[in-house]
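Q: Let me begin by handing over the structure; questions about it come next.
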Amino acid sequence: AQRVTQPEKLLSVFKGAPVELKCNYSYSGSPELFWYVQYSRQRLQLLLRHISRESIKGFTADLNKGETSFHLKKPFAQEEDSAMYYCALSPGFQKLVFGTGTRLLVSP
Amino acid sequence: NAGVTQTPKFQVLKTGQSMTLQCAQDMNHNSMYWYRQDPGMGLRLIYYSASEGTTDKGEVPNGYNVSRLNKREFSLRLESAAPSQTSVYFCASSEKQGSGTEAFFGQGTRLTVV
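These protein sequence lines map, in sequence, to chains A and B.
Sequential numbering from 1 applies to the first sequence in this note's numbering.
Sequential numbering from 109 applies to the second sequence in this note's numbering.
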């Protein structure tokens, strides 16, 4: 079965501090992995996907198949990064499985 | 280009009442989904439809039915609402492309069952 684990419900940091939101997955095949973000009073939207190896809003995520992890990182957090972050996995048949989410709070 | 549109945005039901949540997408996507979002539980998949004419159960299908009316529309029905179905419901659609699968979400329906 596919499963996504986000161990932290809440991550609180100060502006300018580094951020790492953890995500571990279980899947026997080669998954597609994503990070989605939900800002206050906005709909859920894609932040980045592992296949693109992109950096969006200063965030990066590296797929580590050995550790089955896809942690989200940003070197210097900003107040506008405060949001709910979801890690998601897509098996080959176009189903998206989400983790329980991590709320990031960035304080001034 | 509206993306994914859900109706209604808010609804209060009495226990035992029925209702249908509507979802439509204008991106010509094959796949559509219904999720529920509960505090501490994240987004849990209720049902999904990989293409027009097919539907499959997700993680939490009990108490729900779905209809993929056509390629654009995917409705979720609660036949006899229960307080445990109080939640925020999200519809989404996606299409697998060369750069991966991106899902687009509706704005959500906040449902309260009393």
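Beta carbons: idealized from backbone N, C-alpha and C, even for Gly.
1. Does the structure place the stretch 4-24 of chain A close enough to the stretch 81-95 of chain A that three or more beta carbon pairs sit under 8 Å?
2. Which residues mark the beginning and the end of the beta strand (DSSP E) in which F14 (chain A) is found?
3. Taking 8 Å as the threshold, find out whether the stretch 58-67 of chain A comes into contact with the stretch 128-143 of chain B through three or more Cβ pairs.
4. Looking at the unbroken beta strand (DSSP E) that takes in A83 (chain A), where does it start and where does it end?
5. Given a threshold of 16 other Cβ atoms within 10 Å of its Cβ, counted over all protein chains shown, does D81 (chain A) qualify as buried or as exposed?
6. Spatial neighbours of L153 (chain B) within its chain, please: C-beta separation below 8 Å, excluding the five flanking residues on both sides.
7. Threshold first: 3 residues or longer. Then list the beta strand (DSSP E) segments lying entirely within the stretch 179-208 of chain B, N to C.
8. Any idea which residues DSSP pairs Y143 (chain B) with across the strands?
9. Determine the DSSP secondary structure at S26 (chain A), reduced to helix, strand or coil.
A: The answer reads as follows:
1. yes
2. 10-14
3. no
4. 83-90
5. buried
6. Y141, W142, Y143, G166, E167, V168
7. 182-186, 195-205
8. B:L153, B:F198
9. strand
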